[in-house]
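If you're matching them up, the sequences are chains S and P in order. For reference, each letter of the first sequence is one residue, going 5 to 304 in my numbering. For reference, each letter of the second sequence is one residue, going 5 to 304 in my numbering. Where a beta carbon is used, it is the ideal one built from N, C-alpha and C, also for glycine. Since the model is a prediction, treat every value here as computed from it, not as a measurement.
Number of protein chains: 2
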Amino acid sequence: MKEKEFINIIKSTLNSGLIGDDCAYLKDLGITITQDSLIEDIHFKTDFATPFQLGWKSAAVNISDICASGAEPKYLTIALSLPSSISGEFVEEFYKGVKAVSRGVEVVGGDITGSDKIFISVTAIGKSEGRRISSRKSAKIGHKIIVSGEHGASGAGLRLLIGKQREPEKFITAHLMPTPQDEFSKQIAQNIKEDYAMMDTSDGLIDALSQISDASGGNLFIDFEKIPFDKDLKIFRDYKDLIFFGGEDYQLVATVPEEIAENFTVIGEVREGSGVTVKTGDLVEEFSKEDVEKKLFNHF
Amino acid sequence: MKEKEFINIIKSTLNSGLIGDDCAYLKDLGITITQDSLIEDIHFKTDFATPFQLGWKSAAVNISDICASGAEPKYLTIALSLPSSISGEFVEEFYKGVKAVSRGVEVVGGDITGSDKIFISVTAIGKSEGRRISSRKSAKIGHKIIVSGEHGASGAGLRLLIGKQREPEKFITAHLMPTPQDEFSKQIAQNIKEDYAMMDTSDGLIDALSQISDASGGNLFIDFEKIPFDKDLKIFRDYKDLIFFGGEDYQLVATVPEEIAENFTVIGEVREGSGVTVKTGDLVEEFSKEDVEKKLFNHF
Numbered sequence: 005m006k007e008k009e010f011i012n013i014i015k016s017t018l019n020s021g022l023i024g025d026d027c028a029y030l031k032d033l034g035i036t037i038t039q040d041s042l043i044e045d046i047h048f049k050t051d052f053a054t055p056f057q058l059g060w061k062s063a064a065v066n067i068s069d070i071c072a073s074g075a076e077p078k079y080l081t082i083a084l085s086l087p088s089s090i091s092g093e094f095v096e097e098f099y100k101g102v103k104a105v106s107r108g109v110e111v112v113g114g115d116i117t118g119s120d121k122i123f124i125s126v127t128a129i130g131k132s133e134g135r136r137i138s139s140r141k142s143a144k145i146g147h148k149i150i151v152s153g154e155h156g157a158s159g160a161g162l163r164l165l166i167g168k169q170r171e172p173e174k175f176i177t178a179h180l181m182p183t184p185q186d187e188f189s190k191q192i193a194q195n196i197k198e199d200y201a202m203m204d205t206s207d208g209l210i211d212a213l214s215q216i217s218d219a220s221g222g223n224l225f226i227d228f229e230k231i232p233f234d235k236d237l238k239i240f241r242d243y244k245d246l247i248f249f250g251g252e253d254y255q256l257v258a259t260v261p262e263e264i265a266e267n268f269t270v271i272g273e274v275r276e277g278s279g280v281t282v283k284t285g286d287l288v289e290e291f292s293k294e295d296v297e298k299k300l301f302n303h304f
Numbered sequence: 005m006k007e008k009e010f011i012n013i014i015k016s017t018l019n020s021g022l023i024g025d026d027c028a029y030l031k032d033l034g035i036t037i038t039q040d041s042l043i044e045d046i047h048f049k050t051d052f053a054t055p056f057q058l059g060w061k062s063a064a065v066n067i068s069d070i071c072a073s074g075a076e077p078k079y080l081t082i083a084l085s086l087p088s089s090i091s092g093e094f095v096e097e098f099y100k101g102v103k104a105v106s107r108g109v110e111v112v113g114g115d116i117t118g119s120d121k122i123f124i125s126v127t128a129i130g131k132s133e134g135r136r137i138s139s140r141k142s143a144k145i146g147h148k149i150i151v152s153g154e155h156g157a158s159g160a161g162l163r164l165l166i167g168k169q170r171e172p173e174k175f176i177t178a179h180l181m182p183t184p185q186d187e188f189s190k191q192i193a194q195n196i197k198e199d200y201a202m203m204d205t206s207d208g209l210i211d212a213l214s215q216i217s218d219a220s221g222g223n224l225f226i227d228f229e230k231i232p233f234d235k236d237l238k239i240f241r242d243y244k245d246l247i248f249f250g251g252e253d254y255q256l257v258a259t260v261p262e263e264i265a266e267n268f269t270v271i272g273e274v275r276e277g278s279g280v281t282v283k284t285g286d287l288v289e290e291f292s293k294e295d296v297e298k299k300l301f302n303h304f
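Spelled out as structure tokens, the structure:
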């Protein structure tokens, strides 16, 4: 897996402990920061997404990372690189999409340059004041596992798009226009009294749980029947795979103490052990870190 | 000029006053932030620059923007997109270059993805505490115009590279490995008692002066004979053009009151009027905003 190999090279070259989490927490400045790129034909296709949807998603995925950190999303900068064939209307629609999903988050800068393909890199900044910042290392035995929203819809939408289908539209929308879970994040980060783990499900629910298990230790045990999902997903024979590994739902998953968990959808708990365990009725499935990595998207 | 047209579309779509400066100053967080991208075959060629030089320059141009704001450069995030042919050694050398120029500036995150061409987008964060932050709108009639370093060397270096020459090497180095002027910035931002304008010369000295004139009003009047430059530039018949319009020196130019100016190289002053005026002995040249824009690199 070349991406992981490169990240290890970067870590050892820079000798930095801050690389590796989705957001960096810069305590001295009271901010969390994240930067992610979306590249034409790698992360998106212009025949799937309108410019408005592209702007929406580019902002959303970065705001989602800030939400996962527990900070309040505040600012974005956007670097756009565009082929010379791109029109002013594209740029206008793109930024309308950014604005529509950003709500209280302000775009404060960036640049615009030429390129062969569309390249979008967004940086998001969150404010940590009054919030406790999460870390994937902070899951503890006994924590309950809670989630926002429904899972699997985005993966279903992508599959429909690839198959040139446009129905059910709700799944397409889930894929092209995910909604960052700022309210879920705020309720936890403002109220929790101890360290906790929180991630978004950009690479899928099981991957997020696996990353938390890997960083914190412990076995993340969940009950499939408690995971919220749209029952129309059952039009796909392997809907369970979409829920587990589909990715890009940009929902949040957190491990929190009981008194916080009771206000949320609890899908499991952190136990002694390692990896991720999923119980479905009488069936018990174990996923080691390696099992999950094999399943993951590899953008290279 | 498509880039400017697009920026106007973005400004009107977002209705934001913060877009347009190289750095955004986020007062509530006490930071300045900038994001710039470098794209293979648009901003650089891999047969001109080594991976180490590429890492150096990608970090340097963004740190330079923070220096121009007057803030203390603190953190970088870097999004790298790389073709699958790129080796781990490239990544290692790239980050060694980043580290070499960054000194006290820490790389805290970013991402790494696949792409057809190399795409680098860097975000830099500066801390404003104890510093007065510059604005290109803050030049005042009577301010002295001061500069850091020498001018024109980077443009000369680029011309040598295009002509497949490697000598004089100092010009090549100036182009591929510019040094952010953090000490010049600090001396001004920590000591100045009033608002001031400061920019880097990424698009050339005259362009920086013209941008300040345009944003602040006033005529930026300079004496060519006071501009520091390497006398070996005279191997180029049009060395004056390299000094004025060559760009990418990443030196700083500022307009400051007399008492600050006396510690620096003064090249002119802000007068009543508009545009940029250059005096060379008895010759007086006037550059309107439009004259300068015509001369500028247009990456589209």
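{"Check": "Whole angstroms are fine: how far does the CA of residue 109 of chain P sit from the CA of residue 30 of chain S?", "Outcome": "13 Å"}
{"Check": "Could you tell me which chain S residues have their CB closer than 9 Å to the CB of residue 76 of chain P, listed as they occur along the chain?", "Outcome": "Going along chain S, no residue has its Cβ under 9 Å from residue 76 of chain P, so there is no contact; the nearest lies around 11 Å."}
{"Check": "Locate the alpha helix (DSSP H) running through residue 99 of chain P, then write down its first and last residues.", "Outcome": "92-106"}
{"Check": "Listed from N- to C-terminal order along the chain, which residues in the region 93-127 of chain P have their beta-carbon within a distance smaller than 7 Å of any beta-carbon of chain S?", "Outcome": "95, 96, 99, 100, 103, 110, 111, 112, 113, 114, 115, 116, 117, 118, 119, 120, 121, 123, 125 and 127"}
{"Check": "Less than 7 Å between C-beta atoms, sequence neighbours within five positions excluded: which residues of the same chain meet that for residue 208 of chain S?", "Outcome": "248, 249, 250 and 251"}
{"Check": "Can you list, in chain order, the residues of its chain with a C-beta nearer than 7 Å to that of residue 115 of chain S? Leave out the 5 residues immediately preceding and following it.", "Outcome": "83"}
{"Check": "Please check if any C-beta of chain P sits within less than 8 Å of the C-beta of residue 178 of chain S.", "Outcome": "no"}
{"Check": "Out of S:222, S:88 and S:120, which one is the CA nearest neighbour of residue 278 of chain S?", "Outcome": "S:222"}
{"Check": "Determine, using beta carbons only, whether residue 41 of chain S and residue 86 of chain S come nearer to each other than 8 Å.", "Outcome": "no"}
{"Check": "Is any beta-carbon of chain S found at less than 8 Å from that of residue 33 of chain P?", "Outcome": "yes"}
{"Check": "Pick helix, strand or coil for residue 5 of chain P, following the three-state DSSP scheme.", "Outcome": "Confidence is the limiting factor: at residue 5 of chain P the pLDDT is only 49, short of 50, which leaves the residue's position unreliable, though a coordinate-based value still follows. If DSSP states are grouped into helix, strand and coil, residue 5 of chain P belongs with coil."}
{"Check": "If you run the structure through DSSP and keep just helix, strand and coil, what is residue 16 of chain S?", "Outcome": "helix"}
{"Check": "Does residue 131 of chain P come within less than 8 Å of chain S when only Cβ atoms are used?", "Outcome": "yes"}
{"Check": "What are the partner residues of residue 131 of chain S, as DSSP defines its beta bridges?", "Outcome": "S:35 and S:76"}
{"Check": "Kindly list, in the order they appear in chain C, the residues whose Cβ is closer than 9 Å to that of residue 192 of chain S.", "Outcome": "No chain C appears in this structure, whose protein chains are S and P."}
{"Check": "Verify the CB distance criterion: does residue 14 of chain S have a CB-CB separation below 8 Å to chain P?", "Outcome": "yes"}
{"Check": "Rounded to the nearest angstrom, how far is the Cβ of residue 18 of chain S from that of residue 103 of chain P, given a contact under 8 Å?", "Outcome": "6 Å"}
{"Check": "Could you compute how far the alpha carbon of residue 294 of chain S sits from the alpha carbon of residue 274 of chain S?", "Outcome": "19 Å"}
{"Check": "Counting only beta-carbon separations shorter than 8 Å, does residue 207 of chain P have a partner in chain S?", "Outcome": "no"}
{"Check": "Near residue 57 of chain P, which residues of its chain fall below 8 Å by C-beta distance, leaving aside the five closest residues on each side in sequence?", "Outcome": "101, 180 and 181"}
{"Check": "Indicate whether at least one CB of chain P lies closer than 8 Å to the CB of residue 300 of chain S.", "Outcome": "no"}
{"Check": "Might you give, ordered along the chain, the residues of its own chain that have their beta carbon closer than 6 Å to the beta carbon of residue 68 of chain S, omitting 5 neighbours on each side?", "Outcome": "184, 204 and 254"}
{"Check": "For residue 246 of chain S and residue 156 of chain S, which I take to be in contact (beta-carbon distance under 8 Å), what is that distance rounded to the nearest angstrom?", "Outcome": "4 Å"}
{"Check": "Hey, how far is the Cα of residue 173 of chain P from the Cα of residue 55 of chain P?", "Outcome": "18 Å"}
{"Check": "Hey, is residue 43 of chain S's beta-carbon within less than 8 Å of any beta-carbon in chain P?", "Outcome": "yes"}
{"Check": "Would you call the CB atoms of residue 219 of chain S and residue 141 of chain S closer than 8 Å?", "Outcome": "yes"}
{"Check": "Look at the Cβ atom of residue 230 of chain P, then the Cβ atom of residue 271 of chain P, and state whether they are nearer than 8 Å.", "Outcome": "yes"}
{"Check": "Of all Cβ atoms in chain P, is any one closer than 8 Å to the Cβ of residue 30 of chain S?", "Outcome": "yes"}
{"Check": "Identify every residue that forms a DSSP beta bridge with residue 54 of chain S.", "Outcome": "Residue 54 of chain S pairs with nothing; no bridge assigned."}
{"Check": "For residue 37 of chain S versus residue 78 of chain S, is the C-beta distance shorter than 8 Å?", "Outcome": "no"}
{"Check": "Any heavy atom of the ligand FMN closer than 7 Å to the CB of residue 214 of chain P?", "Outcome": "The ligand FMN is absent from the structure shown, which contains no ligand whatsoever."}
{"Check": "Just to make sure I have the definition right: I need the residues of chain S whose C-beta is within less than 9 Å of the C-beta of residue 39 of chain P. Which are they?", "Outcome": "39, 81, 82, 83, 113, 114, 115, 125, 126 and 127"}
{"Check": "State buried or exposed for residue 305 of chain S, treating a residue as buried only when at least 16 other CB atoms are found within 10 Å of its CB.", "Outcome": "Nothing in the structure corresponds to residue 305 of chain S, since chain S is present only between 5 and 304."}
{"Check": "Does any C-beta atom of chain S lie closer than 8 Å to the C-beta of residue 150 of chain P?", "Outcome": "no"}
{"Check": "Considering Cα atoms alone, identify which of P:178, P:175 and P:198 is closest to residue 74 of chain P.", "Outcome": "P:198"}
{"Check": "Helix, strand or coil for residue 154 of chain P, going by three-state DSSP, please let me know.", "Outcome": "coil"}
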